[in-house]
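J.: Questions regarding the structure given below will be posed in turn.
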Amino acid sequence: MFWLADYTSLFCSCLTPRQTAIMAAMTPFSLYLHIPFCRRRCTYCDFNTYAGLESLIPAYVQALCCEIRWVAALAGERLPVHTIFFGGGTPSLLPAGDVAAILEAIHQAFDCAEDLEATLEANPGTVSPGYLRDLRGMGVNRLSLGMQSAQAEELILLGRQHQLEEVAQAVRWARQAEIENLNLDLIFGLPGQSLGGWQGTLAMALSLQPDHLSLYALTLEAGTPLAQWVDRGLAPEPDGDLAADMYEMASERLERAGFLAYEISNWARLHPHLGAMTCRHNLQYWRSLPYLGFGAGAHGFAGGVRTVNIASPAGYIQAMAADPMAAGGGQPAFPASPAAEQATRLTPETMMSEYMLMGLRLAEEGVSGEDFERRFGVSLAERYGQVIEPLARLGLLEWLDGGGRLRLSRRGRLLGNVVFRDFV
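Numbering (my numbering), first residue to last: -11 to 412.
See below:
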């Protein structure tokens, strides 16, 4: 872990004038808050989540507020913030009073935009009308519900704890609470899933009139129960070709329903007055803009430095309660906190690679050649021309705006991993 003396020297010496200018322009930050608690882990989940630790929530919230204040103080000035995202885990397991305490700490420590986007992820069975009204009253204006499927047998396979009717109920309560932007998460490419079943899930999701849909292809992560069942022959191997058909069908269906495919896995409803109901927080990641991560296992990226926090909730709480100076480690430097397990200065090559990997996920926008050159001092064609040209000949990449923008073609979205590996 880097601490003040060598970290600050590294931070200052490695910034190029261009990067310094970007930081000086005070690009608005995004804040990610990781809430790692679950009542039970889903069978496919490989995230930093823990079941049966709800007793730690009060101490965890206190540590989270402490980390927010700590990092804000290290910044030396009130950083502008335009999005907040409570992810997990199951953030909706937090009592409303704890969400309010975290938001209060953020507003005291940062300069929050008037049009702040504040998202909270929720499982449908963990919310109530009063809870959602409380969230809206304290400024949460975007809700992301983990619907995942409209098929009862698929919900059982995934280890989801909600019933289908609870999804419709949660959507109704969210609308009554006047939450402005409602997202539904869906998963496709499941073992044994049929095209007809997926079509039914899409139809059910659209009938709920969400503002945003996130459609994720299942990845079997080693060590998860679902992966073990497939390995043992207890569940069928997912069909990759069928999953591609599901993606194409969903793309066509959502386009007809008035949704914009603005990212490989994300669709935003085109509102007649508000425009595309995108997730501004996730756009921050895909555009390689600065964000701070708070909580156990949270990642952050600012000023060319990536931070990764201690994964264990108990370890995180302990780290934020300890005095790093007394422990002999020295005081951490922005953007790290005492809970940071890693604070890594990324090389220009790594940042260019990640810029491409993230930016090419933006289905409509793609990568801006002007922004790339402004950030890195070299043109997109100079740095990646030998990679781009063969992929363009294969019809996987396409230039727009007279060569000013590069994006995946429609075919390229289906073969994104083939494209991305050439930029690593």
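Don't be surprised by glycine CBs; every beta carbon is placed ideally from N, CA and C.
Note that the structure is predicted; figures quoted are calculated from it, not measured.
#1: Across which residues does DSSP place T332 in a beta bridge pair?
#2: Quick check on this structure: which residue in D233, A232, W255, E251 has the alpha carbon closest to the alpha carbon of E243?
#3: Could you give the first and the last residue of the continuous beta strand (DSSP E) run that contains I175?
#4: Along the chain, where does the beta strand (DSSP E) containing D281 start, and where does it finish?
#5: Out of curiosity, what's the CA-to-CA distance linking A61 and V296?
#6: Could you check the C-alpha separation between G180 and P224 for me, to the nearest Å?
#7: What's the C-alpha gap between G118 and E105?
#8: When you compare each of I45, A165, Q96, A63 to T78 by their alpha carbons, which one comes out closest?
#9: By a C-beta neighbour count over all protein chains shown, 10 Å radius and 16 as the cutoff for buried, is T266 buried or exposed?
#10: In terms of DSSP beta bridges, what is A106 paired with?
#11: With burial defined as no fewer than 16 other Cβ atoms inside 10 Å of the residue's Cβ, what is the status of Q164: buried or exposed?
#12: Name the two residues that bound the continuous beta strand (DSSP E) containing R395.
#13: Candidates L143, Q330, V218, Q197: which alpha carbon is nearest G246's?
#14: Use the C-beta contact count for Q139: other C-beta atoms within 10 angstroms, 16 or more gives buried, fewer gives exposed.
#15: According to DSSP, is S1 helix, strand or coil?
#16: In whole angstroms, give me the CA-to-CA distance for L403 and L396.
#17: Once DSSP output is grouped into helix, strand and coil, what is the label at R130?
#18: Where does N254 sit, in a helix, a strand or coil, going by DSSP?
T.: In brief:
#1: Within the sequence shown, residue 332 is the residue found at index 344, counting from 1. DSSP lists R294 as partners of T332.
#2: As a first step, residue 243 must be located in the sequence shown, where it is residue number 255. Comparing Cα positions, the closest option is W255.
#3: Reading the sequence shown from its first residue, position 187 is the one you call residue 175. Unbroken beta strand (DSSP E) run through I175: 169 to 176.
#4: Along the sequence shown, read from residue 1 onward, the residue named residue 281 stands at position 293. The sequence given here has Gly at residue 281, not Asp. Start and end: 279 to 282.
#5: Here residue 61 refers to the residue found at position 73 when the sequence shown is read from its first residue. Here residue 296 refers to the residue found at position 308 when the sequence shown is read from its first residue. Each residue's alpha carbon lies about 19 Å from the other.
#6: Locating residue 180 in the sequence shown gives position 192, counting from the first residue. Locating residue 224 in the sequence shown gives position 236, counting from the first residue. Approximately 6 Å between the Cα atoms of the pair.
#7: Counted from its first residue, the sequence shown places residue 118 at position 130. Counted from its first residue, the sequence shown places residue 105 at position 117. About 21 Å.
#8: Within the sequence shown, the letter at position 90 stands for residue 78. Nearest C-alpha to T78: I45.
#9: Here residue 266 is taken as the residue at index 278 of the sequence shown, counted from 1. Under this definition T266 is a buried residue.
#10: Position 118 of the sequence shown, counting from 1, holds the residue named residue 106. According to DSSP, A106 bridges with I72.
#11: By one-based count along the sequence shown, residue 164 stands at place 176. Q164 comes out exposed.
#12: For this step, residue 395 is matched to residue 407 along the sequence shown. The continuous beta strand (DSSP E) containing R395 extends over residues 393 to 396.
#13: For the purposes of this step, residue 246 is taken as the residue at position 258 of the sequence shown. It is Q197.
#14: Against the sequence shown, residue 139 aligns to sequence position 151. Answer is buried; the Cβ neighbour count reaches 16.
#15: Position 13 of the sequence shown, counting from 1, holds the residue named residue 1. Confidence at S1 is low in this model, with a pLDDT of 39, below 50, so the placement of that residue should be treated as unreliable; the coordinate-derived value is given next. Three-state result, S1: helix.
#16: The residue labelled residue 403 in the question sits at position 415 within the sequence shown. The residue labelled residue 396 in the question sits at position 408 within the sequence shown. For L403 and L396, the distance between alpha carbons rounds to 9 Å.
#17: Numbered from 1 along the sequence shown, position 142 holds the residue referred to as residue 130. DSSP places R130 in strand when its eight states are reduced to three.
#18: Indexing the sequence shown from 1 puts residue 254 at position 266. Reduced to three states, the DSSP call for N254 is strand.
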